[in-house]
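According to the numbering used here, the sequence shown is numbered sequentially starting from 251. We put the CB at the ideal spot given by N, CA and C, even for glycine.
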Amino acid sequence: MIDHKQSNRAHLQLWREWREQGKPEAKQALIEAYLPLVDYVSGRMSIGLPKTVSREDLASYGVMGLIDATEKFDYERGLQFETYASWRIRGAIIDGLRQGDWVPRSVREKAKKVEEAYQKLEQRYLRSVTDAEMSEYLQITESEFQQMLQDIAITTVCSIDEPIREEEAETRLSLLVDEKATNPESKVNEFFLKETLAKAIERLTEKERIVISLFYYEDLSLSEIAEVMSLSPSRISQLHSKAILRLRGAMGRLKTQLFQET
251 MIDHKQSNRA HLQLWREWRE QGKPEAKQAL IEAYLPLVDY VSGRMSIGLP
301 KTVSREDLAS YGVMGLIDAT EKFDYERGLQ FETYASWRIR GAIIDGLRQG
351 DWVPRSVREK AKKVEEAYQK LEQRYLRSVT DAEMSEYLQI TESEFQQMLQ
401 DIAITTVCSI DEPIREEEAE TRLSLLVDEK ATNPESKVNE FFLKETLAKA
451 IERLTEKERI VISLFYYEDL SLSEIAEVMS LSPSRISQLH SKAILRLRGA
501 MGRLKTQLFQ ET
């Protein structure tokens, strides 16, 4: 991946030539300079996806996102291009996957069923529920529940970028990163969002919190996390799925509170 210490100032002349003078060769040079970012993002997103989804396809979608980022980025604002481009690349990959209908309807239905179960049970008990309690609620055995988690692991890869409401484009990520939200209502919503998310993370099991921390904050892959925790990759995948579904359940409760008037 591109060195985070590499400043946009190193490419300032290229940005000026592209944005101010419209030189296509400057744009091409910028795209080529940041191509490793596409490999990094697509590589992380390939974890847990079906084998039918090739990494080359992800990279192709990602390149389109990089091009889009290069065309829209305002270098004069002093922001880090790597961060902005990563969002655009990830979004382009997710759009490409959705258009390809890469998750079967039956798998999505399983994921929704488990998410709703976590939401209802943890709201009832006000704590993290066990696999046994989940299995009893779903009327399946614990081994069947573990297999269900394995089946729906692929649906948790892009969960934070999914729309909050199916009919709209606003995502959970857009609420977490919203630099323009200055009105009081947005600030209140943002406060409750962060508070709910923090409490939901606290209710995760210790292993689930470790997986979330290593994956999303330390940028380790699931296979690397498996080595660190001395667990199998499939077990790490299950822990990741459970954590994400618990968090989605918590965010679902907040969604109902925020939008019940609309």
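- Between the C-alpha atoms of residue 313 and residue 337 there is a straight-line separation of about 12 Å.
- DSSP, read as helix, strand or coil, puts residue 379 in coil.
- For residue 295 and residue 386, the gap between their C-alpha atoms comes out near 33 Å.
- With a cutoff of 8 Å on beta-carbon distance, residue 496 and residue 450 are scored as near each other.
- Your pair residue 281 and residue 316 checks out as a contact, with CB atoms roughly 6 Å apart and the cut at 8 Å.
- In this structure the region 486 to 500 touches the region 346 to 365; the number of beta carbon pairs closer than 8 Å is three or more.
- The criterion of a C-beta distance shorter than 8 Å is not satisfied by residue 392 and residue 403.
- The three-state secondary structure of residue 284, taken from DSSP, is coil.
- By the CB criterion at 8 Å, residue 311 and residue 272 fall outside the cutoff.
- When rounded, the separation of the alpha-carbon atoms in residue 452 and residue 348 is 31 Å.
- Going by C-alpha positions, residue 289 is about 35 Å away from residue 369.
- When the beta-carbon positions are compared, residue 472 and residue 465 come within less than 8 Å of each other.
- DSSP places residue 482 in the coil class of the three-state scheme, outside both helix and strand.
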